[in-house]
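Undergrad:
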Amino acid sequence: MSALTTHLLINLLQVAFLLAFAPLLEGVLKRLEEIIQGKRGPSIFQPYRDIWKLFGKDEVVSEETTWVFGFAPLINFVMPLFVVLLIPALTAYPLFFAFMGDMVAVGFLMAIAGFFVALAAMDTGNVYGPLGASRTRMVGFLAEPVFMMVFFSVSYVANSTIPYIVNATWAASWANMLQPAHILVVVAFFMLILADEGRIPVDSHAGKVEVAMIGHSKNLEYSGTSAALMKWAGAMKLMILAIVFLNVLITPWGLAATTHWSDVFLAIPKVLGKMLVFVVVLALIETSLAKLRLFRISEFLAAAFVICLFAMSVRLVGIG
Amino acid sequence: MALATAGALDGLIAALFVIFGLGVIVARQMLGALYLFMLHATALTAAAVVLALALDSPHLGWVAVITFTTKVIAVPLVLRWAAGSEIYERREVDQVLTIPVSILIAAAIALVAWVAANPLVHAVADRPFAAVHLPTGLMAMLFGAFTVAVRREGVAQLMGLLIMESGAFFASIAIVHDLSIIAEVAAAVDVPIAALVIGLLIRSIHRVTGMTRVGLLASLRERR
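Which chain is which? The protein sequence lines are A and B, in order.
Our numbering puts the first sequence at residues 420 to 739.
Our numbering puts the second sequence at residues -18 to 205.
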């Protein structure tokens, strides 16, 4: 088998990895949160059952909607699949599509999905949809400068924004990992994940009150196959952010170093192990912090922005 | 400990020291600010331990012991005694400036500290950790001064004062490795006494006015 074919096949394996394990990540997170709260919680495989059930249901669509409403779940589902082709999900070496786009492209692809989902929410005529969409845009608008600063800081340290090269730079030595600029970027990016994923303290994932929702009211009108796609896409987005955070920024180890299939398959449990630790931290934060009031979110993201600014200036003055 | 390893660890601790200092400025809740202050002091302790091991200096070990005992254990106990109800029951701290403005000013302070410390770093280029410690310590001092200026709250102002002191220590442990034990003991006694005096003041203000929001006491009112 030629190297090109192998790389293409590993790329497809990355897509399969994302599709297969994203609902599991969400299931484990939900179960852990319930356990920490002293409850038993649903099975970790519940998201698979939910998605399967939704695929078998009929779809009800409002007469007010346009093509955007039907198109949004598809693009929301497809974009994470594109993104996983660009990032080091299982291998430490660049694959076939690695140089097609950098971390800015990752942000751009995710933003396209977010844009269509927000449009679709406004398309339905449901009062809560536009409310959630505009709130999400507000958080997105505040998070955008932080995203940019994270990318700039990372590129400044690693001299590249290609995720594979950044991963190799951090993985080169422990001293690189402990640089002040790196720690500051990691903290800011984690705050960004909480904001972008609609996690506490920015938004409550388990919230059932539509008026208080930020991101989740956008999906209220979906049913059947579209709802299944939206749910699956939401889980994949969390997994994509976790992969970028873990494999690129914080623990760039445990990935396959060769093209041997055994090596590549061995990377799957290692990456899942790292994700388990990430999910435990996320569950602890979700259960121990309170949700911020809407207009306090700007403070949370401003703090992330300033931390990024610190990272940049630390590099500029040549300290670390 | 090898100097390279210590340098890397020290960089990590310095980054956390800055984040916790920023946290005290950003935190709206009194208890949150107190926890962040304790973490800030713990980062200073960790930095002193790393430097003590790297430079083989028992004096810096003493700095670590003193910092931990006074700032992480004694000061919270004093504050709990002096203004326990204010810390554990009140949610938000009054401030002159809004949090977003404070954050922006904190960013400007950080840049000023890095630029201002640059000539000093060149002056002590022979000291291995000064390049990280001087600007970080200066930044913490400015963060502390800023907190004292913008918080209309006795307890938060005390934290600002102690953050300034932590910043001074953070900078000085990189320059002077053999600080005399007398100076260390003096500093050790100094911090709880400052906390005690301000604690007593806060307690008496609380007894007379029923609160510790010193910002509301700006105008005089004659006692009948």
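Glycine included, every Cβ here is placed at the ideal spot set by N, Cα and C.
Quantities reported herein were computed from a predicted structural model and do not represent experimental measurements.
With H, G and I counted as helix, E and B as strand and the rest as coil, what does DSSP make of residue 132 of chain B?
TA: strand
Undergrad: Specify the secondary structure class of residue 640 of chain A as computed by DSSP and reduced to three states.
TA: coil
Undergrad: Under 8 Å between beta-carbons, which chain B residues line up against residue 433 of chain A? List them in chain order, please.
TA: Simply none; closest approach about 31 Å.
Undergrad: Determine the chain B residues that contact residue 562 of chain A at a beta-carbon separation under 8 Å, and present them in chain order.
TA: Going along chain B, no residue has its Cβ under 8 Å from residue 562 of chain A, so there is no contact; the nearest lies around 15 Å.
Undergrad: Alpha carbons only, please: which of A:710, A:687 and A:606 is nearest the one belonging to residue 432 of chain A?
TA: A:687
Undergrad: Between B:186, B:30 and B:8, which lies nearest to residue 131 of chain B when the distance is taken from Cα to Cα?
TA: B:8
Undergrad: When the Cα of residue 447 of chain A is compared with those of A:641, A:489 and A:461, which residue comes out closest?
TA: Residue 447 of chain A has its Cα closest to that of A:461, out of A:641, A:489 and A:461.
Undergrad: Please work out which residues of its chain come closer than 6 Å, Cβ to Cβ, to residue 661 of chain A, disregarding the five sequence neighbours upstream and downstream, and give them in chain order.
TA: Closer than 6 Å at the Cβ level, and outside the excluded window around residue 661 of chain A, lie 694 and 697.
Undergrad: Flag this pair as yes or no: are the beta carbons of residue 109 of chain B and residue 17 of chain B separated by less than 8 Å?
TA: no
Undergrad: Using a Cβ-Cβ cut-off of 8 Å, state whether residue 0 of chain B counts as contacting chain A.
TA: True, the Cβ-Cβ gap to chain A drops below 8 Å.
Undergrad: Taking the continuous alpha helix (DSSP H) assigned at residue 468 of chain A, which residues delimit it?
TA: 465 to 474
Undergrad: Which residues mark the beginning and the end of the alpha helix (DSSP H) in which residue 207 of chain B is found?
TA: Because chain B in this structure spans residues -18 to 205, residue 207 of chain B falls outside the shown range and cannot be described.
Undergrad: Is there a Cβ of chain A sitting closer than 8 Å to that of residue 95 of chain B, yes or no?
TA: yes
Undergrad: Should residue 137 of chain B go down as buried or exposed, given a rule of 16 or more other Cβ atoms within 10 Å for buried?
TA: buried
Undergrad: Do three or more CB pairs link the segment 137 to 147 of chain B to the segment 122 to 129 of chain B at distances below 8 Å?
TA: yes
Undergrad: Are the C-beta of residue 611 of chain A and some C-beta of chain B separated by less than 8 Å?
TA: no
Undergrad: Alpha helix (DSSP H) containing residue 681 of chain A: first to last residue?
TA: Unbroken alpha helix (DSSP H) run through residue 681 of chain A: 680 to 707.
Undergrad: Can you list, in chain order, the residues of its chain whose CB lies under 6 Å from that of residue 629 of chain A, leaving out five sequence neighbours each side?
TA: These residues qualify, in order along the chain: 547 and 636.
Undergrad: Spell out a yes or no on whether the segment 666 to 678 of chain A and the segment 581 to 596 of chain A are touching, meaning 3 or more CB-CB pairs, one atom from each, closer than 8 Å.
TA: Enough Cβ pairs lie closer than 8 Å, so yes.
Undergrad: Have a look at residue 20 of chain B and residue 537 of chain A and give me their C-alpha separation to the nearest angstrom.
TA: Residue 537 of chain A has its alpha-carbon roughly 40 Å from the corresponding atom of residue 20 of chain B.
Undergrad: Flag this pair as yes or no: are the beta carbons of residue 544 of chain A and residue 645 of chain A separated by less than 8 Å?
TA: no
Undergrad: Grouping DSSP H, G and I as helix and E and B as strand, with all else coil, what is residue 138 of chain B?
TA: helix
Undergrad: State the CB to CB distance for the pair residue 52 of chain B and residue 147 of chain B, rounded to an integer number of angstroms; the pair is presumed to be in contact (CB under 8 Å).
TA: Rounded to the nearest angstrom, the Cβ distance from residue 52 of chain B to residue 147 of chain B is 7 Å, consistent with a contact under 8 Å.
Undergrad: Can you tell me whether DSSP reads residue 616 of chain A as helix, strand or coil?
TA: coil
Undergrad: Can you tell which of B:59, B:40 and B:80 has the C-alpha that lies nearest to the C-alpha of residue 182 of chain B?
TA: B:59
Undergrad: Pull the bridge partners of residue 510 of chain A from the DSSP assignment, please.
TA: Note: residue 510 of chain A sits in a beta bridge opposite A:675.
Undergrad: Between the alpha carbons of residue 655 of chain A and residue 710 of chain A, how many angstroms are there, rounded?
TA: Here the alpha carbons of residue 710 of chain A and residue 655 of chain A stand approximately 24 Å from one another.
Undergrad: Just mark residue 95 of chain B as buried or exposed, buried being the case when its beta carbon has 16 or more other beta carbons within 10 Å.
TA: By the 10 Å Cβ count, residue 95 of chain B comes out buried.
Undergrad: So residue 63 of chain B and residue 184 of chain B are supposed to be a Cβ contact under 8 Å. How far apart are they, rounded?
TA: 5 Å
Undergrad: Distance, Cα to Cα, residue 497 of chain A vs residue 642 of chain A?
TA: 18 Å
Undergrad: Three or more beta-carbon pairs under 8 Å between the segment 578 to 585 of chain A and the segment 511 to 521 of chain A, yes or no?
TA: yes
Undergrad: Just to confirm the assignment, what range does the alpha helix (DSSP H) spanning residue 449 of chain A have?
TA: 422 to 455
Undergrad: To be precise: take each residue of the segment -18 to -4 of chain B, compare its Cβ to all Cβ atoms of chain A, and keep it if any distance is under 7 Å. Which residues remain?
TA: -15, -11, -10, -8, -7, -5 and -4
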